[in-house]
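>
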Amino acid sequence: MSDKVKQLAPIIWSEIQKAKHILFHCHPGPDGDSIGGALGMMHTLRNIGKEVTVIMGDSEPPPTLAYLPGFDQIVINNWSELDLSKYDLFISQDSSDLSQITKKMEVKFPNHMRVAVIDHHDTNRGYGHVNLIEPLYPSVCQIDYELCKEWDIEIPLDGAACFFVGIYTDTGGFKYPATSPGTFEAAADLVSIYPDFHKLIFMLENNHEPEQIKFIGLALSKIELYFEGKVAISAVPYEELKKQGIQEVHTEKAQVSEMLKSVKGWEIGVRFTEAEPGVVTISIRTRDANKYDVSKIAVATGFGGGHMYAAGATFKMPFNQAKKHLLQTIQKVYPDLGQP
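Residue 56 in UniProt numbering sits at position 56 of the sequence shown, and the numbers go up by one each step.
What follows is the structure, encoded as structure tokens:
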């Protein structure tokens, strides 16, 4: 457990104890860590008698995570649709800035609402009354697990399942560099609570929708190589998605950028998708984060953030303009790559 977690755990616990109704959200394009963390905390805090609400936020509920305990209890609202007067504590997780709460409006917190930020993105500058930002951790769910241990509260069966899924997904199945002995210790304890963990992994690895497979085929047919073959970009315009009936949620879960960076010689892999006309989402991965830190690229675009080895951004501009902006940014951040 890091010193930062130990230091801030009692402060966050004090906020939870004082709160009557606690709100959690899922960030746009929610992944296993976002949903797992929100649901894991929901189960755990309800277990001690707290009233907790989890909202889905901007995105549609990802069907690939529908098997998570409590998934059907997520309120399908975004931030703009909430009556914030009902909540006295908002715990924002896995969200490096306010745009990760919602992209539909400017986020303003009412005066009565306390805000606690729990995150592991080093691009998070803190926007809460309490800010627990620990980039050394590979997932928010590991932070949540350690907080619960520090608070000396029981993690129930369903909470353990959700926290485990968050840790497993955000470590890439324990493959990413930030995975630590503490990560394995947390996972081991969680599976001792939820022994059917193998079923969770099976659902994660074998729960693809036909549209995801269609998107993978489409994306792999659209690979473009830049910077002397060191940067691979799969660039798919909206018209192609619409033609095949592929929705944004299917593109986000297809792990295309992971596939691209797995190719020897392709140092950086980018899924570059026009989710809707004039809105391009990108997912960036790197083979070697010490050589090419993709969070620097995402931040330098002015529209994103993330981790050294996994980052993303959203461009609100035409498809070709967005691609040009990305290439210029990569060249600016890493001039050693040469010309696009």
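Beta carbons: idealized from backbone N, C-alpha and C, even for Gly.
For Cys334, which residues from the same chain have a beta carbon less than 7 angstroms from its beta carbon, with the 5 sequence-adjacent residues on both sides left out?
Strictly speaking, residue 334 in this sequence is Tyr, with Cys absent from that position. Result list for Tyr334: Tyr292, in chain order.
> In angstroms with no decimal places, state the Cα-to-Cα distance between Gly172 and Ser257.
Going by the C-alpha atoms only, they are around 13 angstroms apart.
> What's the gap between the Cα of Glu209 and the Cα of Val117?
Approximately 33 angstroms between the Cα atoms of the pair.
> With distance defined between alpha-carbon atoms, name the residue in Phe319, Arg287, Met317 nearest to Met308.
Selected option, being the one with the closest Cα: Arg287.
> Starting from Gly269, follow its DSSP beta bridges and name the residues at the other end.
DSSP output for Gly269 lists Ala232, Arg285 as bridge partner(s).
> Looking at Gly70: is its Cβ nearer than 8 angstroms to the Cβ of Cys141?
Cβ atoms of Gly70 and Cys141: not closer than 8 angstroms.
> Can you check DSSP and say which residues form a bridge with Ile118?
Partner(s): Gln93, Leu132.
> Considering only the alpha carbon of each residue, which of Gly265, Gln100, Asp122, Ile11 lies closest to Glu228?
Nearest of Gly265, Gln100, Asp122, Ile11 to Glu228, Cα basis: Gly265.
> What does Tyr226 pair with, by DSSP beta-bridge criteria?
According to DSSP, Tyr226 bridges with Val231.
> Classify Ala275 as helix, strand or coil using the three-state DSSP reduction.
Strand.
> Around the C-beta of Ile12, are 16 or more other C-beta atoms found within 10 angstroms, so that it is buried, or is it exposed?
By the neighbour-count rule (16 or more Cβ atoms within 10 Å), Ile12 is buried.
> By a C-beta neighbour count over all protein chains shown, 10 Å radius and 16 as the cutoff for buried, is Met41 buried or exposed?
Its Cβ being crowded by 16 or more others within 10 Å, Met41 is buried.
> Looking at C-beta atoms only, is the number of pairs between the region 267–284 and the region 311–324 that lie closer than 8 angstroms three or more?
In short, these stretches touch, since the Cβ pair count reaches three.
> Excluding five sequence neighbours on each side, which residues of the same chain lie with their C-beta closer than 8 angstroms to the C-beta of Ser96?
Here the set comprises Asp119, His121, Thr123, Asn124, Gly305, Gly306.
> With a 10 Å radius around its C-beta and 16 neighbouring C-beta atoms as the bar for buried, classify Ser14 as buried or exposed.
Its Cβ having fewer than 16 others within 10 Å, Ser14 is exposed.
> Can you check the region 142–217 for any alpha helix (DSSP H) of at least 4 residues that lies completely inside it and give the ranges in chain order?
Correct list: 157–170, 181–193, 197–205.
> Go ahead and pull the three-state DSSP assignment for Gly302.
It is coil, neither helix nor strand.
> Measure from the alpha carbon of residue 363 to the alpha carbon of each residue in Cys26, Thr53, His25, then state which is nearest.
Any property of residue 363 remains undetermined from this structure, which presents the chain solely from 1 to 340.
> Tell me the DSSP secondary structure of Asp64 in three-state form.
Reading off the sequence, residue 64 comes out as Thr, not Asp. In the structure shown, Thr64 sits in a helix (DSSP, three-state: H, G or I).
> What is the rounded straight-line gap between the Cα of Ser192 and the Cα of Ala161?
In a straight line, the C-alpha of Ser192 is about 10 angstroms away from that of Ala161.
> Between the C-alpha atoms of Gly338 and Leu68, what's the straight-line distance to the nearest angstrom?
Roughly 45 angstroms separates the two Cα atoms.
> I'd like the list of long-range same chain contacts for residue 348, defined as Cβ closer than 6 angstroms, with 5 residues on each side in sequence excluded.
Nothing in the structure corresponds to residue 348, since the chain is present only between 1 and 340.
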